[in-house]
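Numbering (our numbering), first residue to last: 93 to 340.
The beta carbon of each residue, even a glycine, is placed where N, CA and C say it ideally should be.
Keep in mind the model is a prediction, meaning the values are calculated, not measured.
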Amino acid sequence: MEAEKPIIEVKVLNKSFGENHVLRDFSLSLFQGENLVILGKSGSGKSVLIKCIIRLIEPDSGEIIIFDQDISELDQDEMDMLRADVGFLFQSNALYDSMTVRQNLEFPLRRHWTKEEREEKAEAAVLEALEDVGLSHTIDMMPAELSGGMRKRIALARTLILKPKVILYDEPTTGLDPITGREINELMLSIQKKYKTAAIIISHDMNCIRMTGNRVIMLIDGKNYAEGSFDELLKNTDPKVRDFFEGL
Ligand SMILES: Nc1ncnc2c1ncn2[C@@H]1O[C@H](COP(=O)(O)OP(=O)(O)OP(=O)(O)O)[C@@H](O)[C@H]1O
Ligand SMILES: [Mg+2]
């Protein structure tokens, strides 16, 4: 049988900022339908990695292949098209404070849908995305009127509206209380189930990792240092892996 092909492949990626060598020959593969968790200490390069994957940051060397395309070879339009398939949830949510929830959700459609498509389908798409995150009633509210957990959900709804095939979550539960965090974890699982999306989830929240992760990678010293199920990593005796779990 032919081995399953990854939908995202990161190959020997390097990225430095001046003297700060953040990613050192980092590699990973993401497969269809799985939730891959990336664990790493603060400042280890998790956000840099995810930003390289959506090309907000240009790596110094290495390759990133998404759906069989080397993203460094794509022009602006091709990259934009790819971004519709690769949803990204920012660590900071990045909602537009001066726009209502509805306007925030409509925003990505401006870029990816024609005027006719928007007139025909935007309303239904906004309603469905809000329903997916359980916040239909907030449609006319401003971000300032929402709690932290609600904002995270709205940011997720804005990511979902384009029906991405992959979602990259940067610390989806950090800064939320444990109950709200749990709700976000459940939401990520229900989205994985409903849309069959794959996801890369950056986290250092143990509940998040346990609940959502099918596979875990530890980013240590800029490398894919250890990889396996959460339980396998917990049993790993390597001092740096142990050090990480004990430091949590
Ligand atoms: N645009 C940038 N310019 C210069 N240095 C940067 C830039 N972005 C990130 N860095 C540096 O790269 C390193 C990794 O940062 P990154 O944001 O990826 O950490 P992280 O693992 O996401 O941490 P956290 O868990 O706190 O979010 C840090 O030393 C940071 O200062
Ligand atoms: Mg980060």
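Where does the unbroken beta strand (DSSP E) through Gly-240 begin, and where does it stop? Looking at the DSSP string, Gly-240 is not in any beta strand (DSSP E); the run it does join, the alpha helix (DSSP H), is 240 to 252.
Status (buried if at least 16 other CB within 10 Å, exposed otherwise) for Asn-112: exposed
Expressed to the nearest angstrom, what Euclidean distance is found between the alpha-carbon atoms of Gly-125 and Ile-142? 18 angstroms
Length at least 3, wholly inside the segment 262 to 333: the beta strand (DSSP E) runs in chain order: 290 to 294, 307 to 312 and 315 to 320
Excluding the five sequence neighbours on either side, which residues of its own chain have a C-beta within less than 7 angstroms of the C-beta of Thr-251, listed in chain order? Gly-179, Phe-180, Leu-181 and Ile-259
Where Glu-215 falls: helix, strand or coil (DSSP): helix
Run of the alpha helix (DSSP H) containing Glu-103, from where it starts to where it stops: The residue you asked about is not Glu; residue 103 is Lys in the sequence shown. Per DSSP, Lys-103 belongs to no alpha helix (DSSP H); it is in the beta strand (DSSP E), 100 to 109.
For ligand 2, residues whose Cβ lies under 7 angstroms from any non-hydrogen atom: Lys-138, Ser-139, Gln-183, Asp-262, Glu-263 and Ile-294
Extract the residue ranges of the beta strand (DSSP E) inside the segment 163 to 241, only unbroken runs of 3 or more that lie entirely within it. 178 to 181
With C-beta atoms as the reference, is Pro-39 less than 7 angstroms away from Asp-189? Outside the shown range of the chain, which is 93 to 340, sits residue 39, and nothing can be said about it.
Is it buried or exposed, Gly-240, if we count other Cβ atoms within 10 angstroms and call 16 or more buried? exposed
Please go through the same chain and pick out, in chain order, the residues whose beta-carbon is closer than 8 angstroms to the beta-carbon of Ala-186, but skip the five residues on each side of it. Ala-247
Among Glu-223, Gly-226 and Leu-201, nearest to Ala-214 - alpha-carbon criterion: Leu-201
Quick check: the segment 280 to 294 against the segment 134 to 148, are at least 3 beta-carbon pairs closer than 8 angstroms? yes
Put Ser-121 into one of helix, strand or coil per three-state DSSP. strand
For the segment 270 to 282 against the segment 162 to 172, do three or more pairs of beta-carbon atoms, one drawn from each stretch, fall closer than 8 angstroms, so that the two count as touching? no
Distance, Cα to Cα, Ser-228 vs Ile-158? 33 angstroms
Measuring straight from C-alpha to C-alpha, what distance separates Phe-362 and Asp-269? Because the chain is modelled from 93 through 340, residue 362 falls outside the range shown and cannot be assessed.
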